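Which chain is which? The protein sequence lines are A and B, in order.
For reference, each letter of the first sequence is one residue, going 206 to 405 in this note's numbering.
For reference, each letter of the second sequence is one residue, going 206 to 405 in this note's numbering.
Don't be surprised by glycine CBs; every beta carbon is placed ideally from N, CA and C.
Just so you know, these numbers come straight off a predicted model, no measurement behind them.
Written below as C-alpha cells is the structure these notes are about.
Protein chains: 2
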Amino acid sequence: MYTLYGMSGSGNCYKPALLMRQLGIAYRWVEVDLIHGATRTPEFLAKNPNGKVPLLELEDGRLLAESNAMLCYLADGSPLLPSERWQRAQVMQWLFFEQYSHEPAIATVRFWVHYLGKGEALRDRIRETRPKGYAALGVMEQQLGKTAFLAGNDYTIADIALYAYTHVAHQGGYQLSEFPQIEAWLRRVERQPGFIAMQS
Amino acid sequence: MYTLYGMSGSGNCYKPALLMRQLGIAYRWVEVDLIHGATRTPEFLAKNPNGKVPLLELEDGRLLAESNAMLCYLADGSPLLPSERWQRAQVMQWLFFEQYSHEPAIATVRFWVHYLGKGEALRDRIRETRPKGYAALGVMEQQLGKTAFLAGNDYTIADIALYAYTHVAHQGGYQLSEFPQIEAWLRRVERQPGFIAMQS
C-alpha cells in the first residue's frame with residue numbers, strides 16, 4: 206500500500222489523494238505539520254531532501270516527491286493521462302503552467318492570508334502577487350471557454366492539478382465570480398466519479 | 206519543420222533547442238524580445254495566452270507552451286525520457302523541482318542582475334531569494350553525489366532542464382565552487398553527443 210505524507214488543507218497534497226481515490230488505489234495518509242517545521246526534521250529530510258510535502262512512499266520504501274510527478278506516475282496507463290502523444294503534451298503543459306504560473310500566486314497568497322493570517326502585514330507583497338494569480342485564472346478561463354476540461358473535452362490529471370488551489374482561491378481573496386467558465390468547470394470536476402473534497 | 210519562438214540567453218528557451226539538436230530534430234528559431242514586450246503583443250498572445258517563451262509550433266500550426274512540456278513531448282520514445290514507469294517518474298520529479306524550486310530562485314536572480322542590471326536596486330529581494338537557490342543547488346549536489354545524472358546513471362531531459370540555468374547561475378551571483386558534484390556534472394552534460402552551448 207502507498208503511504209502519502211501530506212498536510213490537510215494543502216492543495217498540493219490533496220492532488221495525489223484525490224487521484225488515488227478516483228483510481229481506486231488504496232493508501233495510508235500520514236499528517237505532516239509543515240507549518241510547525243515537521244518537513245525540516247532530519248528524519249523527514251532523509252526521505253525528501255527538498256523538505257516538502259506531499260511525499261509518496263511505495264510499499265518497498267521508494268520515495269517520490271513533487272505532487273504533479275505523482276499524478277503522472279499514478280495515472281500512467283489510465284484515461285486520466287492520455288497515451289496519445291499530443292494529448293499527453295497538452296496535459297503536461299497545464300501541469301507545468303500550474304506549478305510555475307498558478308500555484309506561486311494563487312496558493313501562496315492563500316497561505317499568507319489563510320494560514321499565516323498575514324493579509325495586513327504582507328499587504329504590499331499581496332498587491333504585487335495577486336495580478337499574477339488573476340492572469341493565470343484568465344488563461345484558464347480562455348481555455349475553458351473552448352473545451353470542457355483544460356486539456357480538451359476529457360477530464361485528466363491537468364484538471365486535478367488546477368482544481369486543487371483554484372477551488373480555494375477565495376481564501377486568498379481572489380474573486381472567482383469574474384470567471385464563469387472556471388466556476389462551471391469547478392462544478393464539472395466535482396461531479397467526476399470518485400470525487401472527494403479536500404480536507405481542511 | 207518545428208518553429209521555436211524564444212529569446213537568446215533564456216535557459217527555458219535553450220532547453221528545447223538543446224534537446225532538438227541532440228535528437229537530430231530540425232527546427233527554425235524565431236527570436237522574440239521579451240524584455241521589450243514582444244510576448245505581450247496581440248499577435249503573440251493569440252499564440253500563447255500566457256504570454257511567455259519558449260513556444261513550440263508544429264508544422265501544422267499546433268502550439269505547445271512550457272519548456273518542460275516540450276522536453277517531454279519531443280523526447281517521448283527516445284532514451285532521454287525513459288519508458289520504464291519508475292525511471293520516468295524520477296525524471297518528472299526533477300522537471301517539476303526545476304520549475305518550482307530552482308528556476309524561480311536561480312533564473313530570477315540572474316534576470317534581475319544580468320538582464321535588468323538591478324543587483325543594487327533589488328538587493329533586499331535578492332538577499333531573500335538567494336538562499337532558496339542555494340537550497341535547490343544543495344538538493345542537486347546531494348543527488349549527484351549518488352548518481353552520475355539527476356534521475357540516475359543515464360543522461361535524460363532532467364539534466365537538460367537543470368543544466369539550463371545552473372550553468373549560468375554565477376551570472377546571478379551564485380558561487381558554484383561550493384558544489385563540486387554539480388561542477389563535475391556540468392562538465393558531463395557538456396560532453397554529451399550533440400551538445401550545443403546556449404546562445405547569449
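- Under the DSSP definition of a beta bridge, which residues are partnered with B/Leu261? B/Leu209, B/Leu269
| query | Nearest to A/Leu300 by alpha carbon, out of A/Trp291, A/Tyr320, A/Ile362, A/Gln292? | reply | A/Ile362
- Query: So what does DSSP say about A/Phe249, is it helix, strand or coil?
  - Reply: Reduced to three states, the DSSP call for A/Phe249 is helix.
> Around the Cβ of A/Asp329, are there at least 16 other Cβ atoms within 10 angstroms (buried) or fewer (exposed)?
Replying inline: A/Asp329 is exposed by the Cβ-count criterion.
Original post:
Closest Cβ-Cβ distance between B/Ser215 and chain A: below 8 Å?
Top reply: no
Tell me whether the segment 216-227 of chain A and the segment 365-372 of chain A touch, counting them as touching only if at least three CB pairs, one residue from each stretch, are closer than 8 Å. yes
Closest Cα partner of A/Gly242 within the set A/Ala280, A/Trp234, A/Val258, A/Leu263
Measuring C-alpha to C-alpha distances from A/Gly242 to each of A/Ala280, A/Trp234, A/Val258, A/Leu263 identifies A/Val258 as the nearest.
Quiz item: Of the residues that make up the segment 285-316 of chain A, which ones have a beta carbon closer than 9 Å to any beta carbon in chain B?
Solution: Cβ contacts with chain B: Arg290, Trp291, Arg293, Ala294, Gln295, Val296, Met297, Gln298, Trp299, Leu300, Phe301, Phe302, Gln304, Tyr305, Ser306, Glu308, Pro309.
| field | Interface partners of A/Val344 on chain B, CB under 7 Å | value | Pro254, Asn255
#### Entry: Alpha-carbon to alpha-carbon, B/Tyr379 and B/Tyr339
C-alpha separation (whole angstroms): 8 Å.
What residues match up with A/Glu236 in a beta bridge as DSSP calls it? A/Gly211
Whole-Å CB distance - A/Cys277 paired with B/Met297, under 8 Å assumed:
For A/Cys277 against B/Met297, the beta-carbon gap comes to about 5 Å, under 8 Å, which counts as contact.
Item to complete: Give me the Cα-Cα distance between A/His375 and A/Gln397, rounded to the nearest whole angstrom.
Response: 22 Å
Pairwise C-alpha distance: A/Tyr219 and A/Thr208:
13 Å
Exercise. Apply the 10 Å Cβ neighbour rule to A/Phe400 and answer buried if 16 or more other Cβ atoms are within range, or exposed otherwise.
Key: exposed
Can you pull out the residues from the segment 273-284 of chain B whose beta carbon lies closer than 7 Å to at least one beta carbon of chain A? Asn273, Ala274, Cys277, Tyr278, Asp281
Chain A partners of B/Gln397, CB-CB under 9 Å? Ordered by position in chain A, no residue passes the 9 Å Cβ test against B/Gln397, which lies about 23 Å from the chain.
Next item on the list: Inspect the CB distances between the segment 306-316 of chain A and the segment 351-361 of chain A and report whether three or more fall short of 8 Å.
Entry: no
Checklist entry - Which residues in the same chain as A/Asn253 place their Cβ atom closer than 7 Å to its Cβ, once the five residues preceding and following it in sequence are excluded? => result Leu260, Leu268, Ala270
Note to self: Less than 8 Å between CB atoms is the rule here; does A/Ala356 satisfy it with respect to chain B?
What the structure shows: no
Chain-ordered chain A contacts of B/Ala270 [CB-CB under 8 Å] = Gln298, Phe302
Measure the alpha-carbon distance for A/Arg290 versus B/Pro247 and round it to whole angstroms. 29 Å
Strand pairing of A/Gly357, partner residues [DSSP] = A/Phe354
Anything in chain A within Cβ reach of B/Gln386, meaning under 8 Å, just list it in chain order. Those do not exist, as B/Gln386 stays about 13 Å from chain A at its closest Cβ, beyond 8 Å.
Query raised in the report: Do the CB positions of A/Pro221 and A/Ser288 come within less than 8 Å of each other?
Result: The Cβ-Cβ distance between A/Pro221 and A/Ser288 does not fall below 8 Å.
B/Val296, DSSP secondary structure in three states: helix
Open item on the list: I want to verify the contact list: residues of chain A whose CB lies under 9 Å from the CB of B/Gln347, in sequence order.
Closed with: Pro254
Quiz item: Alpha carbon to alpha carbon, how far is A/Gln292 from A/Met206?
Solution: 30 Å
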